[in-house]
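The structure appears below as structure tokens.
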Amino acid sequence: MSPTPRPIHVKPSGLLGGNARSEHERRMEMAVKRLPSFTSAAVPPPERDTAAIAARPVSGPDDSVQMAQKLDPRMIIRSRWANRHEASFDSEDFDALRAEIRHAGGNVQPIKVRPLAATVAARPGEIAPRYEIVFGHRRHEACRLEGLPVLALVAPLNDQELFVEMDRENRARKNLSAWEQGVMYQRALDSGLFASQRALAAALGVDHSALAKAVSIAKLPAHVVEAFASPLDLQFRWAQPLTNACAADPNGMVARAAQLCELRQQGQGLTPKDIFERLMNLAAPAPEAVVRIERQGRRVEVRWGDHGDARIAIESGAIDPARRAELLDLLTGFLDRA
1 MSPTPRPIHV KPSGLLGGNA RSEHERRMEM AVKRLPSFTS AAVPPPERDT
51 AAIAARPVSG PDDSVQMAQK LDPRMIIRSR WANRHEASFD SEDFDALRAE
101 IRHAGGNVQP IKVRPLAATV AARPGEIAPR YEIVFGHRRH EACRLEGLPV
151 LALVAPLNDQ ELFVEMDREN RARKNLSAWE QGVMYQRALD SGLFASQRAL
201 AAALGVDHSA LAKAVSIAKL PAHVVEAFAS PLDLQFRWAQ PLTNACAADP
251 NGMVARAAQL CELRQQGQGL TPKDIFERLM NLAAPAPEAV VRIERQGRRV
301 EVRWGDHGDA RIAIESGAID PARRAELLDL LTGFLDRA
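Residue numbers (my numbering): 1 to 338.
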């Protein structure tokens, strides 16, 4: 007779533990277990922490060794200095990054975070954030969307150190757009993080004139920015011309920007260069999409198409039937003179 198997008691574990874990949390735990541990055999295992699942040594810029930890991305919040516009997460580049991270089971190149100085309240059932991103917003977002832990370096940094490291890392990787850089720099100046543009340029090690162009882009009126399909379309070389045009002809700029928004909503495909030229009034103005004419209570509407075609609609009763031949003569004469 075979012996009776001993019962095995399994203690709940994982990122949250307990019986109330959601399917998403179970996926996260399974993903963490599938990832290899990079802890060196010479280094004693780290103290168990629901935030730090595993670690591996990574060389820092000063040749020091820092430990990269696998963290639950839900415990990390975006920095208030975040320099990535939401449009950056809706692009082919980001989709490719997300697919790469999905295939690898996580990000290979660590992001960097700093511990939050104060506890952030969480809603019932959610995890309280414990870290703030220094750099790596795109990698963090990709891991979050894929339900994977994010490999991260943890270091205590003040606001200026965070800002400088974020800017340096992003310029070394995928360059920010002119708009993203300008907004990031302007935010640092508005908050008093740096006393002036020159002080900011010196701290970042960038050319002051290039920084000034980026800030000029960020200072453009909202209606100019909204004339473009995405603020990421704005380019450094347009900063000064657009700024000058807004100062010289503010009302005209408002009108041209509104017209461009209307054309885009109607599906007209305009390139960023087309939009810039029309804002600057360098190109022939596009005809109004719809022109309405009213005389003595009689209404006529002309609708212009995308390819130069037009449709004329005359309100019922606006023309005496006896004058239809006269209208045809007018149209015939117009075409003869074209």
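We treat Cβ as the ideally placed atom computed from N, Cα and C, and that holds for glycine. Only a predicted model underlies this, so the values are computations on that prediction, with no experimental measurement involved.
First through last residue of the alpha helix (DSSP H) which encompasses residue i
i: Trp304; result: That residue, Trp304, is in no alpha helix (DSSP H); its beta strand (DSSP E) goes Arg298 to Trp304.
i: Arg324; result: Arg324 to Arg337
i: Glu294; result: Glu294 -> not in any alpha helix (DSSP H); beta strand (DSSP E) instead, spanning Val290 to Arg295.
i: Ile275; result: Pro272 to Leu279
i: Ala313; result: Element bounds for Ala313: not the alpha helix (DSSP H) but the beta strand (DSSP E), Ala310 to Ile314.
i: Pro250; result: Pro250 to Gln265
Test item: CB-CB of residue i and residue j under 8 Å
i: Leu116; j: Pro129; result: yes
i: Ala289; j: Leu263; result: yes
i: Gly105; j: Leu71; result: no
i: Arg139; j: Ile77; result: no
i: Cys246; j: Pro221; result: yes
i: Leu162; j: Asn107; result: no
i: Ile217; j: Gly182; result: yes
i: Arg299; j: Ala318; result: yes
i: Ala96; j: Leu153; result: no
i: Ala188; j: His137; result: no
Chain-order list of residues whose beta-carbon lies under 8 Å from that of residue i (same chain, five-residue window excluded)
i: Glu226; result: Ala257 and Cys261
i: Glu165; result: Lys112, Val134, Phe135 and Leu157
i: Cys143; result: Pro73, Ile101, Gly106, Asn107, Pro149 and Val150
i: Lys219; result: Gly182, Gln186 and Thr243
i: Ser320; result: It should be pointed out that residue 320 corresponds to Asp in this sequence rather than to Ser. Excluding sequence neighbours, Asp320 sits near nothing in its chain.
Chain-order list of residues whose beta-carbon lies under 7 Å from that of residue i (same chain, five-residue window excluded)
i: Asp159; result: Leu193
i: Val224; result: Leu242, Cys246, Met253, Ala257 and Leu279
i: Phe228; result: Leu234, Pro272 and Ile275
i: Leu211; result: Tyr185, Gln197, Leu200 and Ala201
i: Pro110; result: Val58, Ala68, Leu151, Ala152 and Leu153
Cα-Cα separation, residue i to residue j
i: Phe276; j: Val254; result: 13 Å
i: Arg237; j: Arg74; result: 39 Å
i: Asn19; j: Asp93; result: Bear in mind that a pLDDT of 45 at Asn19, under 50, signals an unreliable position, so the number given afterwards is only what the model happens to contain. Those two C-alpha atoms are separated by around 39 Å.
i: Asp274; j: Ala118; result: 48 Å
i: Ile293; j: Leu328; result: 18 Å
i: Asp207; j: Ala201; result: 6 Å
i: Leu282; j: Glu315; result: 37 Å
i: Pro124; j: Ala313; result: 59 Å
i: Gly297; j: Leu335; result: 28 Å
i: Val215; j: Ser196; result: 12 Å
i: Arg114; j: Arg80; result: 13 Å
i: Ala248; j: Ala199; result: 30 Å
i: Arg171; j: Gly305; result: 43 Å
i: Gln268; j: Gln259; result: 12 Å
i: Ser59; j: Tyr131; result: Caution is warranted here: a pLDDT of 49 is assigned to Ser59, below 50, making its placement in the model unreliable, and no coordinate value can be reported.
i: Glu169; j: Ser230; result: 24 Å
i: Leu330; j: Gln266; result: 30 Å
i: Ser209; j: Asp309; result: 46 Å
i: Asn244; j: Ala325; result: 52 Å
i: Asn251; j: Ser91; result: 34 Å
i: Arg295; j: Thr332; result: 22 Å
i: Asp190; j: Arg337; result: 60 Å
i: Ala155; j: His103; result: 28 Å
Residues of its chain near residue i, where Cβ-Cβ distance is below 6 Å and the 5 sequence neighbours each way are ignored
i: Arg311; result: Arg303
i: Glu141; result: Phe89
i: Lys213; result: Phe236 and Ala239
i: Val291; result: Val302
i: Arg98; result: Ala142
i: Asp167; result: Leu204
Residue i - containing beta strand (DSSP E), residue span
i: Phe135; result: Tyr131 to Phe135
Fill in: Length at least 3, wholly inside the segment 150-231: the beta strand (DSSP E) runs in chain order
Here the runs fully enclosed are 150-154.
Worksheet entry | Every unbroken beta strand (DSSP E) within the segment 66-129, with a cutoff of 3 residues, ordered by chain | Qualifying beta strand (DSSP E) stretches, in chain order: 111-115.
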